[in-house]
Amino acid sequence: MTRKFYIFILLLGLCTSSAYSQDESMMSREIKDEMTKDPEQNSKWRMGEYDYSAKPNNAWELGIHVGSFFIDGDVDEKIPNLGFGLHLRKAIHYVFSLRADFFYGQAKGLDAQPWRHRTAGGGLVERVFDPYSNTGQEWFPSYKTKYIYGALQGVINIGNILFHKDRNKWNWYLAIGAGLNTHTTNLDLLNGTSPYTDLRNRAGWTFDLFNTSSGRGDIKSALNDIYDGDYETEGANQAGIFRLGDETNIHWMFTGSMGIARKLSKRVNLGLEHQVMLADNDYLDGIKFRSAVDQTNNNDIGHYTNLRLAINLGNFDKVTEPLYWLNPLDATMNDIAELKQRPVLDLSDDDGDGIINMLDQEIDSPAGCAVDTRGITLDSDGDGLADCKDQEPFSPPGYDVNGNGVAQIPDPGYINEEEANSIFESKAAAIMSTIRSEWFLPMIHYDLDRYNIKPEFYGHLHHVATVMKMYPDLCVTAIGHTDVRSGNDYNNVLSYNRAKAAVDYLVANYNLPRSSFKLMYGGEETPLVGSSRSETQHYMNRRVEFRVCDDSDVDMGRPEGPNAGKGERSNYSGNKNSG
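All residue numbers for the sequence shown refer to the working numbering, where the first residue is 2 and numbers rise by one.
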């Protein structure tokens, strides 16, 4: 039966390993804020506003174990014997965890040398051996012990502090603990109700035979044929200690273990462990002294070699694996790798137009000429002459210009009122069409998590105001945007604040009517640079664009969401990961 049980456990471990072998690739390195004990602290840590991450909420481990149990005492042990139990383990931090362990086992032993009663100078000194008193008979000790304990153990694991990979698949650990145990030892002392007789001769015992391994095996084989296997006599117990009901001895005990575990998946691991059980008890095998002159003073020690199959409990959307399966250096190593991947920021601006070379689409712009956000020299009326050289930067469209950029409007001659109205309407339509399709209205950009107007964009807003003053009936739409960091609700409010700040600036500084503007926001939905990774690319996406109003444009109110961004000017402060 024992052999079949071991085979079953081995097959179970192999099947579990196969079933979960593909699950390793499903491990997520991300620990979300809500999976930690302090989500607010963890959120600040991710954004660079706090030095340390919060401790993750990690799973409990529930395990079963089964293996071979034997007693190292005065009597030779039989191997294998069956032991089994269960444990519940919880990580305190990445190296240390607590484990509640419960065990039940049976052990048998049979000695290959004969023992005598104390009346004959032997070691059978307890009263249970009195049937052999003054009989001249010898007995080869044979026992069966049932052993139960419950213990609380501290486990130190060595294997999850890694410098070369993100997760460990193997974990080596040590465990020490303390608890209480009880045992019952029964002896195969009698043949029915009488002592065994002539066992030395019937087992063929000689010293030469006893002095060899094969000889001891032959003696024990003969004894197994002689003994009836009833284990009818209860062995002696230690006197003067705590008992339940004056019958069940309770002993303080200590455990020491060493083991190695293999992770099969995020949910399951399989371990091999050897444990020793120490107590002030020399009666686990029913024998205390070998003879009157060989009075052993060493206590009996239990040994348990076992397989442990453990399952991590909980919802992995809310908890992580137990901390002893996580690498505490993972986040640090990941941040270092990310820093190494960041490109070196080159802020060179060879033509001095305020746009760095890496973003400048016209790297040799004429000195002193205004440029757009792409670094291209502004030509607002599209007449082929840069604004800085154009004596009429906003020439009416549809007319030829001279070398100074001034529109050459011919003498209209004498026309009647109807012709004048027709010309006016066609010219007005052409002007508005050109404004809508050809004129460039600049965009402005913002620092991280801010909506205050940067001084370097005052000129861009002056350009917008100049166009609107020239055409008082013109409607302009201001659309705010963010980069992709932080949540949608937060970014919608932040993009609204940026567009509002730009409109308020134009209204306050240029006395423009608020009704000439339509304020809109787009959050993170329409980036200029898709799949942005560098801070420069994120900067390009943090913007407010101006355009002539479309028929579909509407004046948007503030969206629902938290207060987002800061409007006051400073060198730097704020949420590093907000767009």
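Glycine residues also receive a C-beta, built at the ideal position from the N, C-alpha and C atoms. The model shown is predicted, which means the values in this text are computed figures rather than measured ones.
Alpha-carbon spacing of glutamate 561 relative to glycine 488, whole angstroms: 13 Å
Nearest residue (CA-CA) to arginine 585, options Asp388, Gly369, Leu360: Any answer about residue 585 is impossible in this case: the structure gives the chain only from 2 up to 580.
The segment 338-349 touching the segment 108-117, judged by at least three CB pairs closer than 8 Å: no
Three-state secondary structure (DSSP) of proline 57: strand
With 16 other Cβ atoms within 10 Å as the buried cut-off, status of tyrosine 95: buried
Short Cβ contact (8 Å threshold) for leucine 285 with phenylalanine 255: no
Buried/exposed call for glutamate 569, threshold 16 Cβ in 10 Å: exposed
At least 3 beta-carbon pairs within less than 8 Å: the segment 352-366 vs the segment 122-135: no
Local Cβ density within 10 Å of asparagine 564, reported as buried at 16 or more and exposed below that: exposed
Proximity to alanine 55 [Cα-Cα], best of Ile65, Glu62, Thr37, Asn225: Thr37
Continuous alpha helix (DSSP H) stretch holding alanine 223: start and end: 214-227
Distance CB(alanine 503)-CB(isoleucine 445) smaller than 8 Å: yes
Closest residue to alanine 60 among Pro323, Asn542, Val555 (Cα-Cα distance): Pro323
Helix, strand or coil at serine 381 according to DSSP, with G and I counted as helix: coil
Nearest to aspartate 281 (by Cα), restricted to the options Ile302, Ser266, Ala262, Leu273: Ile302
Simplified DSSP state of methionine 278, which is helix, strand or coil: strand
Contact between the segment 512-527 and the segment 484-499 (3+ Cβ pairs under 8 Å): yes
Cα-Cα separation, lysine 79 to alanine 179: 26 Å
Distance, arginine 119 Cα to leucine 125 Cα: 5 Å
Own chain residues within Cβ distance below 6 Å of serine 134, not counting five before or after: His118, Thr120
Proximity below 8 Å, CB of serine 532 to CB of histidine 539: no
One or two residues paired with tryptophan 173 in a DSSP bridge: Ile159, Ile261
Where the beta strand (DSSP E) through phenylalanine 458 begins and ends: Taken as a continuous stretch (DSSP letters only), phenylalanine 458 belongs to no beta strand (DSSP E), as it is neither H nor E.
Beta carbon of histidine 184 nearer than 8 Å to that of threonine 213: no
Boundaries of the beta strand (DSSP E) in which histidine 66 is found, first to last residue: 62-73
Extent of the continuous beta strand (DSSP E) to which serine 98 belongs: 97-111
Own chain partners of valine 530 with C-beta closer than 7 Å, once the 5 adjacent residues on each side are dropped: Gln538, Met541, Asn542
The segment 308-328 touching the segment 258-270, judged by at least three CB pairs closer than 8 Å: yes
Straight-line gap, glycine 566 to arginine 451 (C-alpha atoms, nearest Å): 5 Å
Local Cβ density within 10 Å of valine 345, reported as buried at 16 or more and exposed below that: exposed
Beta bridge counterpart(s) of leucine 83 as assigned by DSSP: Ser69
Within 8 Å, strictly: CB atoms of serine 516 and valine 477: no
Presumed contact (8 Å Cβ cut-off) between tyrosine 144 and asparagine 187, rounded CB distance: 7 Å
Residue burial classification, proline 456 (beta-carbon count within 10 angstroms, cutoff 16): exposed
Residue from Asn238, Lys33, Tyr148 with nearest C-alpha to serine 69: Tyr148
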